[in-house]
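Working notes for the structure below.
Protein chains: 2
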Amino acid sequence: MTRPQTTRKKRANGMESRQRILDATVEIAGERGYEGTSIAAVSAKCALPASSIYWHFKDKDDLIAAVIERSFDTWLASVTLPDHETGTPLERITAMAGNVAKSLTDAPDFLRLGLMLALERRPAEPRGRTVFLQVRAIAHAKVAEVIESLFPALDEEAVRMLATYAVASADGLFVHREINGDAVDLVALFELHAQLVYDAATRMPARSKA
Amino acid sequence: MTRPQTTRKKRANGMESRQRILDATVEIAGERGYEGTSIAAVSAKCALPASSIYWHFKDKDDLIAAVIERSFDTWLASVTLPDHETGTPLERITAMAGNVAKSLTDAPDFLRLGLMLALERRPAEPRGRTVFLQVRAIAHAKVAEVIESLFPALDEEAVRMLATYAVASADGLFVHREINGDAVDLVALFELHAQLVYDAATRMPARSKA
DNA sequence: CTCCAATTGGAATGACCGCTACGGTAAGCT
DNA sequence: AGCTTACCGTAGCGGTCATTCCAATTGGAG
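Right, dumping it as structure tokens:
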């Protein structure tokens, strides 16, 4: 994020090396978790010495956080929400869920690493975990927004609970695919999920608005 | 052989020490994951030297696997499935889901540790991970059994998908509570979950049986 | 060309890692 | 009593950890 930018051209492999380091780290961290990600292993995988890693990143925590941030950006770029509103509401949220499922299949690193970090609760919380939880909270808010716009009769508490259910279940479906491999049809599961949430919202009692 | 040779009386702190070690390990592994669980940290927490840990357990992998196994037993003991519950099918599976949610609240270590291990995919798979995945597969089969008995008209594929959705979403809801803390009402979420799955099964088309 | 800063290379740091060797101690058994 | 088994305690092994130091390199700017 911090760019010198003062007309200092990329003169050596700087940026490419940075990407190589992040590539190696995302692979190792996805295999072995936070503690299992050793600088030596990253160094071996990206064929750069440890000193280069420490030139590009302050310390291991900073490296992991950078990985989370970059994989989130990658994932965001692969989510294409259809902004034009065609079809019934159910068709629309089903399409949205399908797109999210597809993007998670294409760029799973963000959620995979994030959930791994989130499940740990070490005394000194890694910065990557904080970043993940913030992003996740935003996702929750956006889902709640969609639900509220589609079902304005629902009260706040119902919207909150449905959004929580929608996001949490989606995580679970993703984890299921991470565990059971590519044979799992994540798009189909997400579309089913969208329909269930939609049905639930339809059947929920509309109470007085706050 | 008139010499029973059965359990030699517990003459030292053997069994108690074993439990102390497991208690310490479940705490540390829940905080820091597989690699982050160091023998020295366990040793410090249970106030027993490393050599005692290695007397009771073959190696670190064996220790983690033992923790998974014990926490599974603890969890199983806290699940009380009402086998002949009265009421409608929906009421019955809702009660079942509520019981599972309550047991997961009371004894979360099994699923928490298991999911942490499951998300990692290190080259040499820890035995604890294998154990967890086996138990999880059994859980999936049991859920499929319940669904099939309640909705005999559904074809195999539909039952499989619903069971997958039911288990995976449940994991996600559990993770949500682990992340967001005790304020999350897991029982309510599980009861909602049960109802959604029930509704989905009701609405699913009944195809020809295989 | 020289100078300078961005990178890399390699080696070293002390702390910690999993694990073991081995002696001590106390409670069974005979 | 003496032998055996179960467990605890100390000390340490070889290795890896995150991190740092500092000397090379490299390429753009003057």
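Protein chains in written order, with numbering that gives the first Met the number 0: chain A, 0 to 209; chain B, 0 to 209.
From the three backbone atoms N, C-alpha and C, an ideal C-beta is built for every residue, glycine too.
Asked	Found
Sequence-distant residues of the same chain with beta carbon closer than 8 Å to residue 175(A), five excluded per side	183, 188
Residue nearest to residue 162(B) in terms of C-alpha spacing, selected from 60(B), 195(B), 14(B)	195(B)
Proximity winner among 34(A), 74(A), 17(A), 18(A), relative to residue 115(A) (alpha-carbon distances)	34(A)
Own chain residues within Cβ distance below 7 Å of residue 130(A), not counting five before or after	64, 67, 68
Proximity below 7 Å, CB of residue 134(B) to CB of residue 56(B)	no
Partners in chain A for residue 42(B), counting only beta-carbon separations shorter than 8 Å	Ordered by position in chain A, no residue passes the 8 Å Cβ test against residue 42(B), which lies about 17 Å from the chain.
Residue-level contact to chain A via CB, residue 168(B), 7 Å cutoff	yes
Sub-7 Å separation of residue 218(A) and residue 119(B) beta-carbons	Nothing can be reported for residue 218(A): it is not among the residues displayed for chain A, which extend from 0 to 209.
Stretch-stretch touch, CB-based, cutoff 8 Å, three pairs: the segment 36-49 of chain B with the segment 16-25 of chain B	yes
Per-residue DSSP class, three states only, for residue 170(B)	helix
Between the CA atoms of residue 192(B) and residue 219(B) - distance to the nearest angstrom	Since the displayed chain B opens at 0 and closes at 209, residue 219(B) lies outside it and no answer follows.
is_contact[residue 178(A), chain B] using C-beta, thresh 7 Å	yes
Reduced DSSP secondary structure (H/G/I, E/B, other) of residue 113(A)	helix
Between the CA atoms of residue 100(A) and residue 164(A) - distance to the nearest angstrom	16 Å
CA nearest to the CA of residue 15(B), picked from 36(B), 52(B), 29(B), 109(B)	52(B)
Under the three-state DSSP convention, the category residue 47(A) falls into	coil
Contacts around residue 117(A), its chain only, beta-carbon distance under 7 Å, and the 5 residues preceding and following it disregarded	128, 131, 132
Status (buried if at least 16 other CB within 10 Å, exposed otherwise) for residue 93(B)	buried
Under 8 Å by beta carbon: chain B residues contacting residue 55(A)	Chain B residues near residue 55(A): none, gap ~23 Å exceeds 8 Å.
Local conformation of residue 141(B) per DSSP, three classes	helix
Residue 153(B) burial status per 10 Å Cβ neighbour count (16 or more: buried)	buried
Contact list for the segment 118-132 of chain A against chain B, Cβ threshold 9 Å	118, 119, 120, 121, 122, 132
Distance between residue 144(A) and residue 87(B) (C-alpha atoms, nearest Å)	35 Å
Same chain only: Cβ atoms within 7 Å of residue 102(B), ignoring 5 sequence neighbours per side	74, 77, 78
C-beta neighbour in chain B for residue 30(A), strict 7 Å	yes
Residue 203(B) versus residue 39(A) - alpha carbon distance	53 Å
DSSP-derived helix/strand/coil call for residue 29(A)	helix
Distance, residue 81(A) Cα to residue 98(A) Cα	9 Å
Sequence-distant residues of its chain with Cβ nearer than 6 Å to residue 150(B) (five each side left out)	200
Check whether residue 142(B) and residue 166(B) have beta carbons under 7 Å apart	yes
Reference residue 169(A), options 123(A), 61(A), 125(A), 95(A), closest by Cα	95(A)
Residue-level contact to chain A via CB, residue 174(B), 7 Å cutoff	yes
Per-residue contacts from residue 115(A) into chain B (C-beta, under 9 Å)	32, 115, 118, 119
Whether residue 104(A) touches residue 172(A) by CB criterion (7 Å)	no
Any C-beta of chain B under 7 Å from that of residue 14(A)	no
Nearest candidate by alpha-carbon position, reference residue 181(A), set 20(A), 107(A), 60(A), 50(A)	107(A)
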